[in-house]
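Residue numbers (the working numbering), protein chains in the order written: chain A, 445 to 659; chain B, 445 to 659. The beta carbon of each residue, even a glycine, is placed where N, CA and C say it ideally should be. I have placed the structure first, in the form of structure tokens, so that the comments after it can refer back to it.
Number of protein chains: 2
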Amino acid sequence: MTVSRQNGLTESQAKVLKTVSDFIAENGYSPTAKEIAEILNITQTSVFEQLERLEKKRYITRQKGAARTIGILSQPENEKPVKKSDSVKLVKVPIIGTIAAGAPIFADENMEGEILVDESNIGKGRFFALRVRGDSMINAGINNGDLVIIKRQPLAENGDIIAALIDSEATLKRLSLTDDEVFLLPENEKYSPINVTCREDFKILGKMVTTVTVL
Amino acid sequence: MTVSRQNGLTESQAKVLKTVSDFIAENGYSPTAKEIAEILNITQTSVFEQLERLEKKRYITRQKGAARTIGILSQPENEKPVKKSDSVKLVKVPIIGTIAAGAPIFADENMEGEILVDESNIGKGRFFALRVRGDSMINAGINNGDLVIIKRQPLAENGDIIAALIDSEATLKRLSLTDDEVFLLPENEKYSPINVTCREDFKILGKMVTTVTVL
DNA sequence: AGAAATCCCAAACATATTTCTGCTTTTTTA
DNA sequence: TAAAAAAGCAGAAATATGTTTGGGATTTCT
Numbered sequence: 445m446t447v448s449r450q451n452g453l454t455e456s457q458a459k460v461l462k463t464v465s466d467f468i469a470e471n472g473y474s475p476t477a478k479e480i481a482e483i484l485n486i487t488q489t490s491v492f493e494q495l496e497r498l499e500k501k502r503y504i505t506r507q508k509g510a511a512r513t514i515g516i517l518s519q520p521e522n523e524k525p526v527k528k529s530d531s532v533k534l535v536k537v538p539i540i541g542t543i544a545a546g547a548p549i550f551a552d553e554n555m556e557g558e559i560l561v562d563e564s565n566i567g568k569g570r571f572f573a574l575r576v577r578g579d580s581m582i583n584a585g586i587n588n589g590d591l592v593i594i595k596r597q598p599l600a601e602n603g604d605i606i607a608a609l610i611d612s613e614a615t616l617k618r619l620s621l622t623d624d625e626v627f628l629l630p631e632n633e634k635y636s637p638i639n640v641t642c643r644e645d646f647k648i649l650g651k652m653v654t655t656v657t658v659l
Numbered sequence: 445m446t447v448s449r450q451n452g453l454t455e456s457q458a459k460v461l462k463t464v465s466d467f468i469a470e471n472g473y474s475p476t477a478k479e480i481a482e483i484l485n486i487t488q489t490s491v492f493e494q495l496e497r498l499e500k501k502r503y504i505t506r507q508k509g510a511a512r513t514i515g516i517l518s519q520p521e522n523e524k525p526v527k528k529s530d531s532v533k534l535v536k537v538p539i540i541g542t543i544a545a546g547a548p549i550f551a552d553e554n555m556e557g558e559i560l561v562d563e564s565n566i567g568k569g570r571f572f573a574l575r576v577r578g579d580s581m582i583n584a585g586i587n588n589g590d591l592v593i594i595k596r597q598p599l600a601e602n603g604d605i606i607a608a609l610i611d612s613e614a615t616l617k618r619l620s621l622t623d624d625e626v627f628l629l630p631e632n633e634k635y636s637p638i639n640v641t642c643r644e645d646f647k648i649l650g651k652m653v654t655t656v657t658v659l
């Protein structure tokens, strides 16, 4: 049997993804591997492998060891050919973890990979990239699964979208400096601003310079 | 300690419900009993009991034996107990100046007085009141001389009527957020929208929650 | 063609999670 | 004020669920 590809997924993978998607649509919570397996008439183990592949390809997110935590990511655009032109200067930017645009998620220094970004898009400086989880910045066009590129800097201006540490957890928010208070603002009405005015454990990691959607 | 009721739920139950709701909003999947327990600093068993009660009262749904399957039901609107006079909670709101609903007028911090407002009308938060001058918001039912109560918040939603500072002057307008521009809209054809997209001197003071007509 | 990836399996393993049992204390209701 | 409901706990049972191991068969890539 030929395994054709669509959107970078094989038929099997697409089938699993669709099953998950349909299940969530119908039930409001994600299925277990076993449930997917029963629907597709394959084993749990196979499903598990497919989920791993789907996660690696950034079609879904999962929480290690936690039940029913599959999240479906917005589909990355169909493969964009990488432009190669000698006027483009690509800069390596390390991907160092996942950042919350919802609940803060611990940002460990484990490098997840690297991406190449045209220098003209981000300017000069020291950069790193973080994968976004959550939906608290959707009104700023930053979606679950996106990569954000952060320029390391300890200070930021009012209105900047920044990556910050709060109590050793990283979060992506818009910075709001009022007369005497400092807030981190989500870009989603569902969430509330975080007052960091007097928090000792608050630290700016850097300023977001751009977002990248990676396949 | 008195366990007061709201919406037919006890404080404890409401706390659990809110925890679940917040968790789902932030993570996209429902929490386990253990996770709720950790957040609220009680035991899993207690949480389990609370979830049973919440289910019985039709605030949530669950699937027996399945992990993370709590679903939140829309609040039953029915039983709204008539408020007794002793349940009215009046909140002091300072009147701190005059705000323009026409040409912006300087909003000084001189307190002009205080009014008492029933908390149920405005919710919780930090409030202040401003006297309106001008007629630019008449189509929104806000007239010259009215008092408007503003909830302090640095962020507002599209369509909110907000009090904002522009170049140190306060004004009351409806907020309009388009794809990439921000406008303040008067509610009177005589006046024109103000584009504040790139104005550094623009700051949201808060959102109007109600008006009070004082004779 | 050979290497690498995909796809699938059975059988276990480890732990996450719900659920039960029995008991204490406090608050509300009748 | 007595009974009922609510709230909580410790500890453990029961099972749901993610994960690992060690394969085999097929397809895709180079």
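For residue 512 of chain B, the closest Cβ of chain A is nearer than 8 Å.
For residue 654 of chain B, the closest alpha carbon among the candidates B/511, B/596, B/467, B/629 is that of B/596. Looking only at A/629, A/586, A/606, the smallest Cα-Cα distance to residue 648 of chain A is reached by A/606. Secondary structure note for residue 634 of chain A: it is in no alpha helix (DSSP H), with a DSSP letter that is neither H nor E. Under the Cβ criterion (8 Å, minimum of three pairs), the stretch 466-474 of chain B counts as touching the stretch 506-519 of chain B.
Contacts with chain B (Cβ-Cβ distance below 9 Å) from the stretch 452-475 of chain A involve 471, 472, 473, 474, listed in chain order. Of the candidates A/505, A/602, A/492, A/478, A/602 places its Cα closest to the Cα of residue 626 of chain A. For residue 633 of chain A, the chain B residues whose C-beta falls within less than 7 Å of its own C-beta are 601, listed in chain order. Between residue 583 of chain A and the set A/593, A/574, A/616, A/571, the nearest pair of CA atoms involves A/616. A/453 is the residue among A/482, A/488, A/632, A/453 whose C-alpha sits nearest the C-alpha of residue 500 of chain A. The three-state secondary structure of residue 643 of chain B, taken from DSSP, is coil. Contact check for residue 608 of chain A and residue 628 of chain A: beta-carbon distance about 7 Å, within the 8 Å limit, so the pair qualifies.
Here residue 615 of chain A carries a strand assignment [DSSP, helix/strand/coil].
Burial is judged here by how many other beta carbons sit within 10 angstroms of a residue's own beta carbon; residue 571 of chain B has at least 16 and is buried. In this structure residue 460 of chain B touches residue 484 of chain B by the C-beta definition: roughly 7 Å separates them, less than 8 Å. Secondary structure of residue 608 of chain A (DSSP, three-state): strand.
In the structure shown, residue 654 of chain B adopts extended strand secondary structure according to DSSP, grouped into three states.
Of the candidates B/632, B/470, B/573, the residue whose Cα lies closest to the Cα of residue 585 of chain B is B/632. A check of alpha carbon separations from residue 651 of chain B across B/636, B/637, B/618, B/639 identifies B/618 as the nearest.
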